[in-house]
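Residue numbers (UniProt numbering): 1 to 540.
Okay, here's the thing in structure tokens:
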């Protein structure tokens, strides 16, 4: 047996040597290396196509090639800089007078007067902004004064020191529990283990939910190359989470009703999928995604479902009690594993307060970071921030306790009625149409008769601060208590703006319509991202 095997090996060796003797030694050395290099390049190309898509990959390659032509890159950079300067609208000149060093002698209490003077330079925002300020009335009285006093009373506190500031620790726990109760924690279908923490805002809540889901699914299913699927109407915080936590992001077009397309999302699910997303409602159009169907898909696929309630958390539960047809979209829905909800929007809490909730502690424990080998001692932290402002937590607790269920019901009644009036008013302007069927207090509208971004520029010249949207081109207003008394003014200004653009189409001096329009039509999305980054780099 051994001699037979040896003879086969000798024969094979001789045959191999005879074959290889036809080639130069260097070719035999570098040939395999070249094949490996080509294989690596091919793999990198395929990975790029997988990440960005075939069209975007070839477009990126084409643009990179074009920029190699002498003078082309310089011309493109020059035009980009013009756009950035247009977006900044003279902001850099203002920065030149900003302080860069400490004053030699402190100002003492005079600093308050200086701050008041600076504050007077802010634009008029009362009733003129989409969203932004959700509390009604004057900032020097009423609910504003209440939460300001609460924040001031606890400005020195930090829940990191839970043995010292026990009052703030209790406030946070109660804010979380009261918020969870609004979103299904008391119903049997929730499982009775809803838990969570307060965060600095909706973005941090979403970041923590995604990070916790990633680590939970890794421990549960061993997923090492995680992917998540979101509708294109989902908040940009998911893009940030994907970027921070090395998660492949699939953004899927919405359906004809501008809701998450469950069938389209199903096609993207694979063995690496950890999370799908729905919104209640979505920021662009105020439309609630089909959470029940998404929950069924998540359950049957063995993956997680996050629902973004950042806008709807303190409206939809009360709108349902007022008789509005709000579909199930909270922890009463099977498959929902986490929820983000802002208290600093319709909860009327101070800015910088949000809540992230989980269906159970098994998922939430992956949010925490524990350090056992630090020379500074044993350390564990629940959220991204270590130290957190106890004053904001106290302000959120004060807001919720002062308003109570009756207060939130009354607020919801007012803003929902105002939203309906604005909806009807926009429909009465022939040149405009409302995007989809808004479920809440965000009304997005576009036009096929004129440039909607030019309408937005005219509205801006009248002091309004609305949100410009894309896919499709449109603008929206997020209705708050600030708008209750100025509905007629808004609709009148909108009608006048449409009339002006219809009679005199074309961009106005200083308007941003050309930039918004060009950005949406620009096929190279990486260039749009470069513009945004350059703008931000020169702004902050």
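C-beta atoms are modelled at their ideal positions from N, C-alpha and C, and glycine is treated no differently.
Does DSSP classify residue i as helix, strand or coil?
i           : result
residue 153 : helix
residue 324 : coil
residue 469 : strand
residue 112 : helix
residue 450 : coil
residue 19  : helix
residue 105 : coil
residue 36  : helix
residue 371 : strand
residue 135 : coil
residue 66  : helix
residue 458 : helix
residue 533 : helix
residue 332 : coil
residue 305 : strand
residue 97  : coil
residue 474 : strand
Quick check: residue i and residue j, are their CB atoms within less than 8 angstroms of each other?
i           : j           : result
residue 358 : residue 184 : no
residue 229 : residue 273 : yes
residue 247 : residue 232 : no
residue 475 : residue 441 : no
residue 100 : residue 391 : no
residue 322 : residue 412 : yes
residue 154 : residue 385 : no
residue 498 : residue 429 : yes
residue 128 : residue 436 : no
residue 352 : residue 200 : yes
residue 189 : residue 334 : yes
residue 560 : residue 326 : Residue 560 is absent from the structure shown; the chain starts at 1 and stops at 540.
residue 235 : residue 289 : no
residue 465 : residue 130 : yes
residue 505 : residue 450 : yes
residue 528 : residue 455 : no
residue 210 : residue 165 : no
residue 249 : residue 278 : no
residue 481 : residue 444 : no
residue 332 : residue 187 : yes
residue 241 : residue 252 : no
residue 162 : residue 387 : no
residue 237 : residue 202 : yes
residue 269 : residue 301 : yes
Round the Cβ separation of residue i and residue j to the nearest angstrom and send it over; I've been treating them as touching at under 8 angstroms.
i           : j           : result
residue 175 : residue 343 : 7 angstroms
residue 473 : residue 452 : 6 angstroms
residue 383 : residue 208 : 6 angstroms
residue 535 : residue 84  : 5 angstroms
residue 458 : residue 508 : 7 angstroms
residue 47  : residue 281 : The pair is not a contact, with the Cβ atoms about 36 angstroms apart (cut-off 8 angstroms).
residue 485 : residue 364 : That pair is no contact at about 42 angstroms.
residue 381 : residue 198 : Rounded, the Cβ-Cβ distance is 13 angstroms, inconsistent with contact.
residue 292 : residue 328 : 6 angstroms
Worksheet entry | Whole runs of the beta strand (DSSP E) within the stretch 139–205, excluding any shorter than 3 residues | 195–199
- Task: Could you pull out every unbroken beta strand (DSSP E) segment of at least 3 residues lying fully inside the stretch 222–301, listed in chain order?
- Result: 227–231, 248–252, 273–279
- Task: Give, in chain order, every unbroken run of the alpha helix (DSSP H) that is at least 4 residues long and sits entirely within the stretch 338–368.
- Result: 361–364
Practice task
Note down, one range per segment and in chain order, each alpha helix (DSSP H) of at least 4 residues found wholly within the stretch 375–455.
Solution key: 390–427
(Q) Could you check whether the stretch 208–217 touches the stretch 259–271, counting it as contact only if at least three pairs of C-beta atoms, one from each stretch, sit closer than 8 angstroms? (A) no
contact_flag[the stretch 146–159, the stretch 394–402] where n(CB pairs < 8 angstroms) is 3 or more: yes
task: Report yes or no: do the stretch 418–438 and the stretch 159–177 share at least 3 C-beta pairs separated by less than 8 angstroms?
output: no
Is the stretch 128–144 touching the stretch 337–353, taking contact as three or more C-beta pairs under 8 angstroms? yes
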